[in-house]
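Residue numbers (our numbering): 98 to 672.
C-beta: ideal position from N, C-alpha, C; glycine also.
Bear in mind that the values here come from a model prediction, so they are computed numbers and not experimental data.
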Amino acid sequence: MIEYKFSAPTAHQHLLDVEIRFNSIQEQHEFVLQLPAWRPGRYELGNFAKNIQKFRVTNAKGNALEYQKATKDTWKVFTDGQESIIVSYTYYAADLNAGSTFVDTNQIYVNPVNCCMYNPNRINEEISLALDIPDNYQIACSLKKQDKHTLWGKDFEELADSPLIASATMHHLSFTAKSGLPVHIWVQGECKPNHERIITDFTKYTNWQLDLFQKCPAKEYHYLIQILPFTFYHGVEHTSSTVLALGPGYALNDSRYDELLGVACHEFYHVWNIKTIRPAEMWPYDYTKENYFPTGFVAEGVTTYMGDYLLWQSGVWSADEYFREFNGQLQKHFDNFGRFNYSVVQSGFDNWLDGYVPGVPDRKVSIYVEGCLIAFMTDVLLMKYTNMQKNLHDVMRSLYNDFYLNNKGYTYDDYVNVVSSHAGKDMAAFFATYAKGTEDFKPQLKECLEWLGLEMREVLTGNLSETHFGYKLIEQGDKTLVSHIHPNSPAAFYELAVNDQLIAVNGFNIRSDGHRWINYFGLFPQELTVWRQGQLLKINIKPDGKEYYKQYKLHKLENPNRNQEKMFEYWRTKQ
Numbered sequence: 098m099i100e101y102k103f104s105a106p107t108a109h110q111h112l113l114d115v116e117i118r119f120n121s122i123q124e125q126h127e128f129v130l131q132l133p134a135w136r137p138g139r140y141e142l143g144n145f146a147k148n149i150q151k152f153r154v155t156n157a158k159g160n161a162l163e164y165q166k167a168t169k170d171t172w173k174v175f176t177d178g179q180e181s182i183i184v185s186y187t188y189y190a191a192d193l194n195a196g197s198t199f200v201d202t203n204q205i206y207v208n209p210v211n212c213c214m215y216n217p218n219r220i221n222e223e224i225s226l227a228l229d230i231p232d233n234y235q236i237a238c239s240l241k242k243q244d245k246h247t248l249w250g251k252d253f254e255e256l257a258d259s260p261l262i263a264s265a266t267m268h269h270l271s272f273t274a275k276s277g278l279p280v281h282i283w284v285q286g287e288c289k290p291n292h293e294r295i296i297t298d299f300t301k302y303t304n305w306q307l308d309l310f311q312k313c314p315a316k317e318y319h320y321l322i323q324i325l326p327f328t329f330y331h332g333v334e335h336t337s338s339t340v341l342a343l344g345p346g347y348a349l350n351d352s353r354y355d356e357l358l359g360v361a362c363h364e365f366y367h368v369w370n371i372k373t374i375r376p377a378e379m380w381p382y383d384y385t386k387e388n389y390f391p392t393g394f395v396a397e398g399v400t401t402y403m404g405d406y407l408l409w410q411s412g413v414w415s416a417d418e419y420f421r422e423f424n425g426q427l428q429k430h431f432d433n434f435g436r437f438n439y440s441v442v443q444s445g446f447d448n449w450l451d452g453y454v455p456g457v458p459d460r461k462v463s464i465y466v467e468g469c470l471i472a473f474m475t476d477v478l479l480m481k482y483t484n485m486q487k488n489l490h491d492v493m494r495s496l497y498n499d500f501y502l503n504n505k506g507y508t509y510d511d512y513v514n515v516v517s518s519h520a521g522k523d524m525a526a527f528f529a530t531y532a533k534g535t536e537d538f539k540p541q542l543k544e545c546l547e548w549l550g551l552e553m554r555e556v557l558t559g560n561l562s563e564t565h566f567g568y569k570l571i572e573q574g575d576k577t578l579v580s581h582i583h584p585n586s587p588a589a590f591y592e593l594a595v596n597d598q599l600i601a602v603n604g605f606n607i608r609s610d611g612h613r614w615i616n617y618f619g620l621f622p623q624e625l626t627v628w629r630q631g632q633l634l635k636i637n638i639k640p641d642g643k644e645y646y647k648q649y650k651l652h653k654l655e656n657p658n659r660n661q662e663k664m665f666e667y668w669r670t671k672q
């Protein structure tokens, strides 16, 4: 057994002390230690080794052993015939999100994949994890408890997949879902959660998903919810748990509650899609380098679609609430002109290159957004082609039963073949067009919506800068920045640039009221004063009579025919 230990004697400095004991190594002259280079759920290199300091290796008697750093996140220890070695280091833990490690005087929050080293030859060995924490601390974690402050896992994979919070200030809610699945909800941070409402809504969508798949790989499930005092939204999936980070805490029960539901339902669906229904390129995970795979539009896109859709299907959300979220996906899609430049398959591949930051304007698209819309169209096409006998749920069940339960991952071709098998029609051209290609989604989206008795309306945003000048503004602190520019619009022609800071309109200084001044001066030439890379510039811009950015909203047809009504009802209810 490999023995891990966490302690935080200088928690106020955000320092986590890690100790690892490896036994029975006397026959190995060089012992390799690997720190993961990335974490599942975030398809970019994490470079966690940058947080390591005070690295030391000793024998069982405390005598130092020599070591050599081989790569940025690999160490070689010269064991000198020792039977046991003890590795110790400090991990700087000052970043608080759903996939990080964070320590302060109120909690120890650890994603072990960030900070736990392993030996590649012993990755399948059992582990124990001891926490040196105050007696009044509770531990929220899906690992089995050996005693009050010691946890056990079957191997490093389970350790890496099992985040934990240790704290004396957590809210704890629990319920038992269908099939007897124990569900625990741990809430850390300043908030006043509505226990009854949360349990009621979480139970509905949890039971619905359990009914969908019939089999659950988790024996129990834990929500670890970090509440921050400022606006924040993030979630990371694990097989038996998830970490959700949201804020501010005072809005948890009102304006942020739907976001809590959305991310929670999304991450629970990941128990199947990506954690167990896993791409072949990640079977198993290789923690040492990028795991390139072309099916991000399935792993994240289908989950994004299902995360909101299942809240509606299970009765947590109304149709209007679901349509509001779907409108958001449509808006993100149509506002990003990278969709004509880079396919969603190419974009997912390049997550490993530029991560999740906006990056070069209109260079690529999101596997979440594009994948969501592809999943929706796939779902509707399955219903259409089979006369409402099959849908996307059938596809995902097949992937779980035929791939995961047979101990293998799926490829891009496997996914296309499974969809085609259920559709009774070759779907290769569809995925070549929308997943591997850069064709306009709009015609196919409109057709799918029409089959459901829905239409997508394009309406003006009410902001002249967007509709008639072709640029969008965002507020960042006390700054008003240009966030998007529509190709071939006046904004592009008159050389406005993304990230320009808007200072004034026609000489009038703006203070978070740029849209109001722009609307006030109307459809006439306007002089924009912008700050760009240390220079104050004046840009004269005038409308050209065309319309650019619009809002996209779903509406039910006033007089749907019988077939449309029947398919809409099937879509709303069928598991």
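Considering Cα atoms alone, identify which of the options is closest to residue i.
i      : options                        : result
Tyr406 : Leu132, Ser580, Arg669, Met485 : Arg669
Gly631 : Pro381, Leu496, Asp597         : Asp597
Lys671 : Lys487, Glu544, Ile607, Asn656 : Lys487
Tyr101 : Pro381, Ile224, Phe423         : Ile224
Glu387 : His111, Glu662, Trp135, Ser518 : Trp135
Phe390 : His246, Phe437, Phe446         : Phe446
Thr626 : Arg219, Phe605, His319, Phe329 : Phe605
Glu72  : Ala377, Tyr382, Met403         : Because the chain in this structure spans residues 98 to 672, residue 72 falls outside the shown range and cannot be described.
Ala529 : Ser518, Gly619, Tyr512         : Tyr512
Leu307 : Pro290, Leu278, Pro381, Gln323 : Leu278
Thr373 : His583, Gly506, Glu163, Lys647 : Gly506
Ser337 : Glu624, Cys313, Gly521, Asn144 : Cys313
Ser463 : Gln311, Met480, Leu427         : Leu427
Met480 : Asn660, Leu226, Lys241, Phe272 : Asn660
Ala520 : Met553, Thr483, Glu555, Gln541 : Thr483
Arg460 : Asp523, Ser562, Ile582, Pro376 : Ile582
DSSP three-state label for residue i, please.
i      : result
Ile371 : coil
Val560 : It is Asn, not Val, that sits at residue 560 in the sequence shown. Residue state, collapsed to three classes: coil.
Arg353 : coil
Glu378 : helix
Asp476 : helix
Gln204 : strand
Phe528 : helix
Arg118 : strand
Gly332 : strand
Could you tell me which residues DSSP puts in a beta bridge with residue i?
i      : result
Pro279 : Thr273
Arg139 : Arg136
Ile149 : Tyr188
Ala396 : DSSP output for Ala396 lists no bridge partner at all.
Ala650 : Here residue 650 is Lys; the residue named in the question, Ala, does not match the sequence. Answer by DSSP bridge pairing, in chain order: Arg554.
Gln598 : Leu578, Trp628
Tyr507 : Pro376
Gln573 : Lys576
Phe199 : Ala191, Tyr206
Trp172 : Leu130, Lys166
Tyr215 : Gln131
Tell me whether residue i is buried or exposed, calling it buried when 16 or more other Cβ atoms sit within 10 Å of its Cβ.
i      : result
Ala157 : exposed
Leu256 : buried
Tyr206 : buried
Gly575 : Note on identity: in this sequence residue 575 is Asp, with Gly being the wrong assignment. Asp575 should be labelled exposed.
Val442 : buried
Ile282 : buried
Tyr366 : buried
Gly178 : exposed
Ser197 : buried
Arg494 : buried
Asp432 : buried
Glu397 : buried
Glu180 : exposed
Gln410 : buried
Ser264 : buried
Lys316 : exposed
Thr303 : buried
Phe103 : buried
Asp417 : exposed
Leu450 : exposed
Lys251 : exposed
Val454 : exposed
Asp523 : exposed
His612 : buried
Ile230 : buried
Where are the alpha helix (DSSP H) runs, 4 residues long or more, that stay fully inside the stretch 413 to 442, in chain order? 416 to 432
So within the stretch 239 to 318, which uninterrupted beta strand (DSSP E) runs reach at least 3 residues, ignoring any that extend past its ends? 241 to 244, 247 to 250, 261 to 264, 268 to 273, 279 to 285
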